[in-house]
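Quick notes on the structure that follows.
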Amino acid sequence: MHGLTLTTAGAAEIEAAYQSGQVVTITHVLTGDGGGKKLPETPDEMAAMTGLYGPFGQEPFSAGESGEGFIRGGIVIDCKKYPGKTLRELGMVSASGTLIAYGRYPDTYLPAQTDSVIKEVILTLVLGLTHAQNVTLELDPSRVIITQEAGDKRYLRISENLAEIAEKGTEAQAGARKNLDIYSKDESDNRFQPKGNYAPAGEVYTKEESDRRFQPKGEYYSKTESDNRFQRKGEYYTKTESDNRFQPKGNYTPAGTCYDKNTSDTRYQARNTASNAASGWHKDMSTGTIIQWGYLSNAGSGLIFPIAFPSVCASITITNAYTRADYSISLKSLSRTGATFNSENNGNMYWTAIGY
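If you're matching positions, the sequence shown starts at 1 in UniProt numbering and goes up one per residue.
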């Protein structure tokens, strides 16, 4: 256990928190080697510290508590993180970055990890405070160390052979068996039969199988009497066989008087489709040929077909719709999606395109 000295800056932050009803959270501990400087020796020199001379790392709290006039926190230093360093000074730091407390530590060499043995330095730091109730330590859940007493309350002890569960009663025992996927004695007795000399599975009939295969003992007809009285098996369909073979009575079209879907698709082509509009199109579904038409008011702006030809536009016919006799128009480019023209004065025209 190592004592620290409250710094002047730390005392001011804690006093301000006390006056305002707030809490100062101490988040971690700085570790340092002194940076080759002479470390403070008197309480006043330590209280004046605002940082470590030679910080080389920081560690979260693995344990912590506050009491009447003090706080206590534990840290675990993993030596392999700082191989070759010498620990000489420590400091508690708040969430705001203030050095709350400073302390010297006897020179402790931190060796490198050279074998399978984990080398750690475990420290418990204690700081006396007037307003300890306004200070809290932030613990790292991944580094928390619990006491043996706390561990005994939290976990089952191997030495007790699960006696703790038995002490909690039947409900706890049932829950434990469910989690472990095991049966209680009563459940096992209800599910399984005692060990004994039994016929192997598959070599005897169950009661249900015997009932299905054999008839009770009694008086029965002879074969001849049965042949004279009853019809042979297999000459009639059972209900299930009839249902699978035949359809219910109804009004059906006799076989051979209509085509099924596949025959119709083979014999007939689909109907032609068209868009009858000012700029429209007609598609022959049997050949794939498409004829498109329309009116273009500004030949210079180019033409986009109402629908794109899937493969190619084979030809286009244009008719001048401009009133001037000297107006001329000619095709500039043609594609499956449209065309452009050489046109005087951007006149108007009618057009017809053919493609597939």
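Positions of the beta carbon are idealized from the N, C-alpha and C atoms, including for glycine. Nothing here was measured: the structure is a model prediction, and the numbers come from that model.
Separation of residue j from residue i, as counted between CA atoms
i    : j    : result
G169 : T206 : 40 Å
T266 : A299 : 45 Å
G84  : H131 : 38 Å
Y259 : K249 : 21 Å
G175 : D181 : 10 Å
T240 : F246 : 10 Å
K195 : I75  : 58 Å
Q173 : D189 : 17 Å
P254 : Y236 : 26 Å
R271 : T257 : 23 Å
E225 : G218 : 16 Å
I290 : T323 : 30 Å
S286 : Y252 : 32 Å
R212 : Y183 : 34 Å
I165 : E187 : 19 Å
K178 : S210 : 37 Å
Y198 : D243 : 43 Å
G202 : F214 : 17 Å
Under 9 Å between C-beta atoms of residue i and residue j
i    : j    : result
L125 : G73  : yes
G57  : I77  : yes
L331 : I354 : no
A48  : T8   : yes
T86  : L52  : no
A339 : C313 : yes
V29  : I14  : no
Y221 : R232 : no
I329 : N320 : yes
N345 : Y327 : yes
I318 : Y350 : yes
K140 : S20  : For the sequence presented, residue 140 should be read as Asp rather than Lys. No. Outside cutoff.
Q292 : T337 : no
T136 : L90  : no
Given residue i as reference, the closest of the options once Cα atoms are compared
i    : options                   : result
K81  : S330, E120 and M49        : E120
G294 : P141, Q173, W281 and N197 : W281
G347 : L303, S297 and S335       : S297
E59  : D33, K38 and M92          : M92
G97  : G10, L39 and T323         : G10
I100 : N134, P106 and I122       : N134
R104 : R88, S94 and A95          : R88
D44  : L4, T31 and K37           : L4
P40  : Y236, Y102, N251 and E164 : Y102
F309 : Y18, L90, P200 and D284   : D284
G302 : S311, T287, S335 and K38  : S335
S279 : G288, S264 and I304       : I304
P106 : A163, T50 and D33         : D33
Close-in-space but distant-in-sequence residues of the same chain around residue i (CB under 8 Å, 5 per side omitted)
i    : result
T238 : none
G69  : G128, L129, T130 and A132
Q22  : A16 and N134
S94  : G10, E13, V24, T25, I26, T27 and I100
K37  : Y53 and G54
E208 : none
S333 : A339 and T340
Test: residue i CB closer than 9 Å to a CB of chain D
i    : result
S297 : Here there is only one protein chain, and chain D is not present.
Own chain residues within Cβ distance below 6 Å of residue i, not counting five before or after
i    : result
Q113 : K80
A274 : H282
E65  : R72
E138 : T25 and T27
M46  : T5, P40 and Y102
I122 : V76
Beta-carbon contacts of residue i that lie in its chain and below 7 Å, excluding the five residues immediately before and after
i   : result
G35 : Y53 and G54
Can you list the alpha helix (DSSP H) stretches of 4 or more residues lying completely in the stretch 16–62, in chain order? 43–47
Report the start-end ranges of each alpha helix (DSSP H) in the stretch 210–274 that is 4 residues or longer and not cut off at the edges. 223–229, 239–245 and 261–267
What ranges does the beta strand (DSSP E) occupy inside the stretch 79–152, keeping only unbroken runs of at least 3 residues that lie completely in it? 86–94, 99–109, 120–128 and 135–137
Any beta strand (DSSP E) of 3 or more consecutive residues that is wholly inside the stretch 265–349: 273–275, 280–283, 290–296, 313–320, 329–334 and 338–343
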